[in-house]
Amino acid sequence: MVWSDPTAKEKPANNASAQSPRLEETKSTGTIALIMLSLCIAVFLAALDSTIITTALPTIAEHFDSPFGYTWIGSAYLLGSAATTQFWGKLSDIFGRKPILLVANFVFFIGSLVAALAINIGMLIVARAIQGVGAGGLLTLVNICIGDIFSPRSRGTYYGIISAVWALASAVGPLIGGAFTQNISWRWCFYINLPCDGLAFIIILVFLNNLHTPQTPLWDGLKAIDWLGSLCITGGTVMFLLGLDFGGVSFSWDSATVICLMVFGLSLSVLFLFVQWKLAAYPIIPMRIFSNMHNIGCLLVSFFHGFVSMGGAYYLPLFFQASRGATPILSGVYTLATVLSMSFMSVATGFFIRKTGQYLPPLWFGFILLTLGYGLFIDLRRNSDWAKIILYQIIAGIGVGPNFQAPQIALQNNVNPRDIASATSTFQFIRNIGFTVSVVMGGVVFQNEMQKQAGWLIADLGLATTQELTGSSAGASTRVVDALPEPERLIAQDALTHALHEMWIIYACFSAAGLLSCALLHSKSLEKTHEQTRTGLEVEKEKRAEQLRVDKERKKAKRSAAADGAVPQPNEER
Numbered sequence: 001m002v003w004s005d006p007t008a009k010e011k012p013a014n015n016a017s018a019q020s021p022r023l024e025e026t027k028s029t030g031t032i033a034l035i036m037l038s039l040c041i042a043v044f045l046a047a048l049d050s051t052i053i054t055t056a057l058p059t060i061a062e063h064f065d066s067p068f069g070y071t072w073i074g075s076a077y078l079l080g081s082a083a084t085t086q087f088w089g090k091l092s093d094i095f096g097r098k099p100i101l102l103v104a105n106f107v108f109f110i111g112s113l114v115a116a117l118a119i120n121i122g123m124l125i126v127a128r129a130i131q132g133v134g135a136g137g138l139l140t141l142v143n144i145c146i147g148d149i150f151s152p153r154s155r156g157t158y159y160g161i162i163s164a165v166w167a168l169a170s171a172v173g174p175l176i177g178g179a180f181t182q183n184i185s186w187r188w189c190f191y192i193n194l195p196c197d198g199l200a201f202i203i204i205l206v207f208l209n210n211l212h213t214p215q216t217p218l219w220d221g222l223k224a225i226d227w228l229g230s231l232c233i234t235g236g237t238v239m240f241l242l243g244l245d246f247g248g249v250s251f252s253w254d255s256a257t258v259i260c261l262m263v264f265g266l267s268l269s270v271l272f273l274f275v276q277w278k279l280a281a282y283p284i285i286p287m288r289i290f291s292n293m294h295n296i297g298c299l300l301v302s303f304f305h306g307f308v309s310m311g312g313a314y315y316l317p318l319f320f321q322a323s324r325g326a327t328p329i330l331s332g333v334y335t336l337a338t339v340l341s342m343s344f345m346s347v348a349t350g351f352f353i354r355k356t357g358q359y360l361p362p363l364w365f366g367f368i369l370l371t372l373g374y375g376l377f378i379d380l381r382r383n384s385d386w387a388k389i390i391l392y393q394i395i396a397g398i399g400v401g402p403n404f405q406a407p408q409i410a411l412q413n414n415v416n417p418r419d420i421a422s423a424t425s426t427f428q429f430i431r432n433i434g435f436t437v438s439v440v441m442g443g444v445v446f447q448n449e450m451q452k453q454a455g456w457l458i459a460d461l462g463l464a465t466t467q468e469l470t471g472s473s474a475g476a477s478t479r480v481v482d483a484l485p486e487p488e489r490l491i492a493q494d495a496l497t498h499a500l501h502e503m504w505i506i507y508a509c510f511s512a513a514g515l516l517s518c519a520l521l522h523s524k525s526l527e528k529t530h531e532q533t534r535t536g537l538e539v540e541k542e543k544r545a546e547q548l549r550v551d552k553e554r555k556k557a558k559r560s561a562a563a564d565g566a567v568p569q570p571n572e573e574r
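Following this line, the structure appears as structure tokens:
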């Protein structure tokens, strides 16, 4: 049995990549638009499903009479997405980008269908995890495909479009979910995916033909997968993120459950790195990706950008609900200033990179504005005027926009084309970790600041209300605040605003750390020529043979240098 794309023909080549015409030169504008439409639909659905159920969660939890499901419906999706990011990239190296992208579409489709038909909370949570696995593949493979089919100089434009779609989908998700829940049924939050995902599947199948698709026998391909490494990184990620999810909510941070989950998760992650370094024949993450400070800087920038941008996406709506008394849907509307400025800047950055071939200026500019914007959020108060709120959001949104694609392009431009999938999936994985850690750390800071105010809140609001405002679910206490009479409500809103004030300081500091990380990156011109990346088992064998040769030469150089008393020079790959 051979795993292949029936619309593609095998093209023999001797190198890991071969010069090929740019997609813009071989396809009409209409075909390129169709290809980008299918990729945008895939990203839109994956991003939409991370937020569309936020406004439907109370109704779903009530429908299944399951309070614990409130948390797990969202967490299962994020866990499935984050834990499998690396796996999808390696699958596409072995079997080809297009077949694996179609598989990810199918997995997401099945997860959506099962979620829409769920008859109990357990079935829905499992379906959400399946959705998350598919979504992780969609987001990763779309970025890999753009890196494969467009020249480095052109990628910025298309990554900018993808980033704008992601931001827009994340913003409108709560609005769409609220409308479906209120007017039809919460199940339509999942039914909506079926026709859209089907359309994307058909377009990708018919038109996405500019990618190398190998004739890899299915069994041989499966045997080549680094299953030990996959188990370590998946298990380690799930354990670590479960520890973060449980901490301070289901269990105290110093409980044996949380400590064991996080320690075992980190231990498996360390074991994963050892497996990649010493044991794996075809590693999921080649260690050569970490061979220079530029690449490490790109990954650090990815983490800090994900950490800070998720802080705004997650906690700005809380500011509007807790401090301004907005409904969940209205809070989504109020954040449009951030979303629109972010989307505009993402697209503008793509055109700038395409025009100039430079990725460092927007990267620096973005983090400067990001640090300024989140620093200004510290000034937000319950009674801040709308002009100030909108201005601060625009500054922060302009800061978020450029760094969706600039550091990714910087990383791709500094690795061998054969490693684009591994580098891109690693970049996405680090960003996902930043997303998750951001939400947890923000929640811990918020909860701690509320607990510090418990003394005077008890005097003004009473013990029962204070316990609801300062407990483990302090961030979900907006309904309690809304139910208070006005004098007490204003006191509670001021307390919540103060807790958010301290949290914005943390995010501004992390943004400043991201700004400092930019200094690790160096400028390297982006080529207009395109090298088609070859995939398949034979290419993986070529990579392994070349890496063994490089390792042998490095050891030989070290022995010679030791004999001569000289200092060996590192042998870095592009």
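Numbering follows full-length UniProt numbering, in which position 428 of the sequence shown is assigned residue number 428; successive positions increment by one, without gaps.
Glycine residues also receive a C-beta, built at the ideal position from the N, C-alpha and C atoms.
Per-residue DSSP class, three states only, for residue i
i    : result
H305 : helix
N295 : helix
Q182 : helix
E10  : Any reading at E10 needs caution, since the residue's pLDDT is 40, under 50, leaving its predicted position unreliable; the model's value is listed next. It is coil, neither helix nor strand.
D460 : helix
T234 : helix
P152 : helix
Q453 : coil
G332 : helix
D564 : helix
H63  : helix
G373 : helix
G265 : helix
T55  : coil
A337 : helix
A281 : coil
Y359 : coil
T49  : The identity of residue 49 in the sequence shown is Asp, whereas the question assumes Thr. In the structure shown, D49 sits in a helix (DSSP, three-state: H, G or I).
A167 : helix
S38  : helix
V257 : Correcting the residue identity first, residue 257 is Thr in this sequence and not Val. In this structure, T257 counts as helix in the three-state DSSP scheme.
N209 : coil
For residue i, the residue or residues it bridges with in DSSP
i    : result
F251 : G247
Cβ-Cβ separation, residue j to residue i (assumed contact under 8 Å), whole Å
i    : j    : result
F404 : S346 : 5 Å
D494 : R382 : 6 Å
R136 : G221 : Sequence check: residue 136 is Gly here, not Arg. So it is not a contact: roughly 20 Å between Cβ atoms.
V142 : L39  : 5 Å
A513 : F304 : 6 Å
K543 : N413 : Actually they are not in contact, since the Cβ atoms of K543 and N413 sit about 19 Å apart, beyond 8 Å.
T424 : G160 : No, T424 and G160 are not in contact; Cβ-Cβ is about 16 Å, not under 8 Å.
A454 : T466 : 6 Å
Closest Cα partner of residue i within the set the options
i           : options                   : result
A127        : F109, V142 and L141       : F109
K388        : I398, S185, L376 and L205 : L376
I409        : L360, T436, E468 and T85  : L360
F201        : L117, V107, D245 and G156 : V107
I225        : V275, F190, T465 and L271 : V275
S341        : I149, F95 and A167        : A167
W504        : C518, K524, V444 and P487 : V444
D49         : S170, T535 and I368       : S170
F44         : A56, G178 and D197        : D197
W186        : I119, S230 and V133       : I119
E374        : S517, T356, V415 and L316 : This sequence places Tyr at residue 374; Glu is not what is there. When only C-alpha atoms are compared, the closest one is L316.
S309        : F272, V440, V400 and G132 : V400
V442        : L268, F427 and Y507       : Just to set this straight, residue 442 is Gly in the shown sequence, not Val. Residue Y507 is the option with its Cα nearest to G442.
H212        : A256, I149 and R153       : I149
V133        : W88, K98, L124 and G160   : W88
residue 582 : E540, M239 and M287       : Lying before the first or after the last residue shown, residue 582 is absent from the chain, which here runs from 1 to 574.
A56         : L138, G122, V172 and F180 : F180
P402        : W277, L369, L91 and I433  : L369
I52         : L300, P328 and T84        : P328
G229        : Y334, S269 and A563       : S269
S511        : A337, Y334, W364 and I130 : W364
G178        : Q86, V333, P487 and T533  : V333
Q215        : K552, T535 and T338       : T535
residue 607 : F207, I284 and S343       : Nothing can be reported for residue 607: it is not among the residues displayed for the chain, which extend from 1 to 574.
Inset, instruction - Could you name each continuous beta strand (DSSP E) segment of 3 residues or more that falls completely within the segment 395-449, going from the start of the chain to the end? - result: none
Inset, instruction - Please specify which runs of the alpha helix (DSSP H), each continuous and at least 4 residues long, are wholly inside the segment 485-557, giving them in chain order. - result: 486-517
Inset, instruction - Return the chain-ordered ranges of every alpha helix (DSSP H) run that is complete within the segment 65-136 and spans a minimum of 4 residues. - result: 69-83, 85-95 and 97-116
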